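Beneath this line is the structure, given in structure tokens, with notes to follow.
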Amino acid sequence: MQDLFTAIDTLKETVKNNPDNAWAYCCLGVFYTKISKHAEAIEALKKAVYIVPDFSLALRKLSALYHQIERHAEAIKLQNRAEEIDDEIRRKAEKSRAVKINRYELMPEDGRINIINRG
Numbered sequence: 001m002q003d004l005f006t007a008i009d010t011l012k013e014t015v016k017n018n019p020d021n022a023w024a025y026c027c028l029g030v031f032y033t034k035i036s037k038h039a040e041a042i043e044a045l046k047k048a049v050y051i052v053p054d055f056s057l058a059l060r061k062l063s064a065l066y067h068q069i070e071r072h073a074e075a076i077k078l079q080n081r082a083e084e085i086d087d088e089i090r091r092k093a094e095k096s097r098a099v100k101i102n103r104y105e106l107m108p109e110d111g112r113i114n115i116i117n118r119g
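First residue of the sequence shown? That's 1 in UniProt numbering, and the numbers climb one at a time after it.
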């Protein structure tokens, strides 16, 4: 855990000396997320996206954090934006959606969703 705090301190120094370093802000956001400093993580990840608007990794990390703290509408917008930017993200998302769809079955008689195991 101490290594994580050391990394955070190093990244804070990095962005202080190089405020346009989107990668450092993204990493800082990820590390803040790991220690549940969500406000700081959001700020750092937003800064990364501000510096590089098509930074798909930062968009995905921010989307995941928003899902984690139940800000789902914002999370979905960011995930969609990341998918528009990055073909690989889009392919993975489509594959993930297909897997999820295959694991659920709509029960027509009452509209319930049933979880099934299709492998």
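Beta carbons: idealized from backbone N, C-alpha and C, even for Gly.
What you are looking at is a predicted structure, and each value in this text was computed from that prediction instead of being measured.
Segment limits, alpha helix (DSSP H) that includes residue i
i: Asp-9; result: 2-17
i: Glu-40; result: 38-51
i: Arg-81; result: 72-85
i: Phe-31; result: 22-34
With 16 other Cβ atoms within 10 Å as the buried cut-off, status of residue i
i: Thr-33; result: buried
i: Ala-8; result: The sequence as given places Ile at residue 8; Ala does not occur at that position. Its Cβ being crowded by 16 or more others within 10 Å, Ile-8 is buried.
i: Phe-55; result: buried
i: Asn-21; result: buried
i: Cys-27; result: buried
i: Arg-91; result: exposed
i: Phe-5; result: exposed
i: Leu-106; result: Any answer about Leu-106 is weak, because its pLDDT of 46 lies below 50 and its placement is not dependable; what the coordinates show is given next. The residue in question, Leu-106, is exposed, as its Cβ has fewer than 16 Cβ neighbours within 10 Å.
i: Glu-13; result: exposed
i: Lys-47; result: buried
i: Lys-61; result: buried
i: Asn-17; result: exposed
i: Glu-83; result: buried
Heavy atom of the ligand NAP within 8 Å of residue i beta-carbon
i: His-38; result: As presented, the structure is devoid of all ligands, the ligand NAP included, so that no description of it is given.
Proximity of residue i and residue j at Cβ, strictly below 9 Å
i: Ala-41; j: Val-30; result: yes
i: His-38; j: Leu-57; result: no
i: Leu-45; j: Arg-81; result: no
i: Glu-74; j: Ser-63; result: yes
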